[in-house]
Every structure is written in structure tokens, then in C-alpha cells.
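Notes follow the structure.
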Amino acid sequence: MLSKNDIKNIKSLELKKFRDEKRLFVAEGHKLVGELLGVFRCILLVATDEWLGGRSRIPAERIEAVTPDELKRASLLRAPQDVLAVFAIPDDNATLTQTSSNNLVLALDDVQDPGNLGTIVRIADWFGIKDIFCSKATADIYNPKSVQATMGAISRVRVHYTDLAKDLSALPGQTPVYGTYLNGDTIYDTQLSSHGVIVMGNEGNGIGAEVGKNVNRRLFIPNWPAGAATSESLNVAIATAIVCSEFRRRQS
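For the sequence shown, my numbering gives the first residue as 1088, with consecutive numbering after it.
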């Protein structure tokens, strides 16, 4: 049975303060929970009999069968599905230097919108990028909105929080560090590496000055046709998709 205290604890995980304190996060929905089970340690799984029916050996420490109304009381969504799970936030000991030496990684400088962050994780998953390093002011990947927006990609892409400017400055001098700027070189005419770091900036301000000091290859996504009146900038998730696609196109 799901107690009032259980519901209170689940609801509390909507706030970063309690996610950090308890080292837990919430995921909801058939696909998302299914992707995360077995990857993250599941502390509590709450589901209807319909969802539980026919499933065996669910890797969860505690399983509670509930009615749709009971699930609705615990859910953080406006339109709950048949399953909700509470997972443990994993420990993180990866370093930017280690992961970027032979692979392409993403770095996010103060990306604020949880939906954008989740979508970027999904984009990284699509293009085979396994690690994303975020400045400490970037939105929390374990925010329920971020988790939902990943559509399960969080089970395959590791997201790390760090002093981004400091870690970028500690990279070996030959490491390619790309960043998107309005005064950069057109991405389609620039030589691109199969490893290194791609830095994407804040939705309103772009890449900050401290992080920008470490960018040694500036890229620009040109509009079409050149010189035409157009939008001021692209959404950061859309820009990330374009950049990642061009990097991978060169490797195909």
C-alpha cells in the first residue's frame, strides 16, 4: 500500500533540494521507466495491476500495486501513465580530460531550460555521444521535466556536473574545443575532429566569457540565404542537433 508519507516523499523529489539530499529522482511512463529499470537502482516502483500483469523479476527494491486514482495522487504529471518509479542518482567520477581524449563529448554552459537539457541528452544519444559535461548552473538533469524529455536516453548518456571553465582549461593543449558563435567560421567549411569537446551556451547569452576563453575553434551555423533577415538565433537544442549531425556526417 502506498502511504501518505510515500506520496509526500515522491512529491518532494520535484524540488532539487530534496533530490540532492535524498540522492533520488522520479521517472514516469511505460517507455521511460522500462528504459531505466536495470540501469539505475530502483528504490520504489508504483504501478497499476494492468502494468504489472505478466511482468516478472522486475528489478526494484519495493513494488506497490495501486489503482489509477492512487497513482494520480503520487504522480508529478498532469496526465499520469500506469507506472512511476523512484531511482537512485548514481555516483559520478568521470573527468572531461579522460572522456574527450578519444571521443566526442558535449559541454553545456548554463543551459537553463529542463526541456532543452533533456532534448540535448536525447540528441546526444542519437548521435552516439556518451558523455555531457555541464556547468554547475546548468539545469538539473534529474528534474522530472528533464528526465521526461530524455525519453529514456538518460540510460545511455552520462551527464556530469563540474566547474566547466576549470576543467576545459585543464585539457591538453591539442584538444579541439569547439563552440558556437555568431562570429565563428561556417561549420560546413571547417575541418572537424572525431574527438574533443563541443560547447553549447546559455539560451539567451550564449557561451560565457570564462568558458569561452577555452574555445579554440569557433563555429557558426549559417542561415539561408546568407544576409537575409531572419531569427536572431536558434534554440540551443536545435543548434546542438545541427552541430552533432555535421560532425557525424564527416565520419560516415
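Cβ coordinates follow ideal geometry from the N, Cα and C atoms, glycine included.
Bridge partner(s) assigned by DSSP for residue 1132
1150 and 1172
How big is the Cα-Cα spacing for residue 1138 and residue 1090?
20 Å
Which of the three DSSP states, helix, strand or coil, is assigned to residue 1212?
helix
For residue 1330 versus residue 1198, is the C-beta spacing smaller than 8 Å?
no
What does DSSP give as the partner residue(s) for residue 1194 in the beta ladder?
1220 and 1286
Would you kindly work out how many angstroms separate the C-alpha atoms of residue 1316 and residue 1270, rounded to a whole number?
17 Å
In angstroms with no decimal places, state the Cα-to-Cα distance between residue 1223 and residue 1216.
20 Å
Would you identify the three-state DSSP class for residue 1303, choosing helix, strand or coil?
coil
8 Å Cβ cutoff met for residue 1379 and residue 1283:
Nothing can be reported for residue 1379: it is not among the residues displayed for the chain, which extend from 1088 to 1339.
Residue environment, residue 1187, which counts as buried when at least 16 other CB atoms sit within 10 Å:
buried
Where does residue 1229 fall in DSSP's three states?
coil
From 1096, 1111 and 1207, pick the residue whose C-alpha is nearest to that of residue 1161; which is it?
1096
Of the residues 1287, 1326 and 1279, which one's Cα is nearest the Cα of residue 1337?
1279
Express the C-alpha separation of residue 1296 and residue 1128 in angstroms, rounding to a whole number.
38 Å
Quick test of the definition: if touching needs 3 or more C-beta pairs under 8 Å, does the region 1203-1216 touch the region 1300-1311?
no
Under 8 Å by Cβ, that's how I've got residue 1203 and residue 1290 pegged, so tell me the actual separation to the nearest angstrom.
7 Å
Pick from 1239, 1273 and 1221: whose alpha carbon is nearest that of residue 1250?
1221
By Cβ distance below 6 Å, which residues in the same chain neighbour residue 1172 in space, the five residues on each side in sequence not counted?
1114, 1120, 1129 and 1132
In angstroms, rounded to a whole number, what distance separates the CA positions of residue 1321 and residue 1117?
32 Å
Look at the alpha carbon of residue 1180 and the alpha carbon of residue 1311, and state the distance between them as a whole number of angstroms.
42 Å
Measuring from the CB of residue 1188, is there a heavy atom of the ligand GTP at a distance below 7 Å?
Ligands are entirely absent from the displayed structure, and the ligand GTP is therefore not among its contents.
At least one CB of chain C closer than 8 Å to the CB of residue 1277: is that the case?
The structure shown contains no chain C, having only a single protein chain.
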